[in-house]
Structures are given as structure tokens and as C-alpha cells.
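With the sequence shown counted from 1, adding 601 to any position gets you our numbering.
We treat Cβ as the ideally placed atom computed from N, Cα and C, and that holds for glycine.
Quantities reported herein were computed from a predicted structural model and do not represent experimental measurements.
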Amino acid sequence: MLFRRIYQFLLVYIITIVFLFMIKILLSLSDYVIPGVPLMIETTGQVFKEYFFDVMNTMSITILGQCLSIIMAFTVGIAGRKSSWIGSFIKVTAYNIQAYPIVALAPIIFILLGDGFI
602 MLFRRIYQFL LVYIITIVFL FMIKILLSLS DYVIPGVPLM IETTGQVFKE
652 YFFDVMNTMS ITILGQCLSI IMAFTVGIAG RKSSWIGSFI KVTAYNIQAY
702 PIVALAPIIF ILLGDGFI
């Protein structure tokens, strides 16, 4: 199933790129509007190393955050399942958090925690 989704994504992506280049050729657009293939290859060669390591850094932080969120969710889920006052407190808190859209919470999170990793 995963490979099928990847193939679908790549197919749509390639069709879109081909359509974009067809528009560029048919309308005789300059390289300023839609860059040509040689310019894209040259730019890729210039910035690949820098961006590759930035992407790997972001990916590692994302994977670490996902693992921590799974551990935290598991812990909170077990504590919420208990019939003690902690469990009822966690349930009420979870209900209240689900009532707010994440778009409204994001600015508060950035204000309290900042926009950096540390």
C-alpha cells in the first residue's frame, strides 16, 4: 500500500513538472518565470550539500519528537485509564485540549516555548 501511494505521488509530481515545462515552451516564458532544466541542475549542485544536511537534521528532530510523543501518549493513556483523581484530571484535560483548534494553540505554544529547538 505504501509503495502504491509513493508511485501515485511520483506520477502526479512528474505529470505536473511536465505540464509546467509544456506551458513554459508553449508560452515562450523566460528562465526568470520558470527556470530551465540546466539552471535547476546547476543550482542543485551548488546547494545540495548544505540543504541535504539541513533536511537530515530536521528529519532526525522529527523522528525524535515522534518517538517522545508516542512515549508520552502511552504514559498519559495509562495514567488516564486509572480510576484515581489523576485519571479523571487527565480525562478532563484531554477533553478541554480537544475542544481547542490547534491553530489557536500554536501561537500560545510558540510564545511560551519559543520557536527554537532549545
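For Phe690 and Leu714, the rounded distance between their alpha carbons
Cα to Cα, the separation comes out at about 24 angstroms.
Taking the CB atoms as reference points, tell me whether Lys692 and Gly678 lie closer together than 8 angstroms.
No, they are not a contact pair.
Nearest-angstrom beta carbon gap, Lys625 and Ile615 [assumed within contact, 8 angstroms]:
About 16 angstroms separates the two Cβ atoms, so there is no contact after all.
Straight-line Cα distance separating Ile607 from Ile687:
Roughly 43 angstroms separates the two Cα atoms.
For Asp655, the three-state DSSP class (helix, strand or coil):
Note: Asp655 maps to helix in three-state DSSP.
Assigned secondary structure, Ile635 (DSSP; H/G/I helix, E/B strand, else coil):
In the three-state scheme derived from DSSP, where H, G and I count as helix and E and B as strand, Ile635 is classed as coil.
Alpha-carbon to alpha-carbon, Ser685 and Val656:
Whole-angstrom Cα-Cα distance: 44 angstroms.
For Asp632 versus Leu621, is the C-beta distance shorter than 8 angstroms?
No, they are not a contact pair.
Inter-residue Cα distance where the pair is Ile703 and Leu628:
In this model, Ile703 and Leu628 are separated by some 42 angstroms (Cα to Cα).
By DSSP, does Ile708 sit in helix, in strand, or in coil?
Reading the sequence as shown, one finds Pro at residue 708 and not Ile. The DSSP-derived three-state label of Pro708 is helix.
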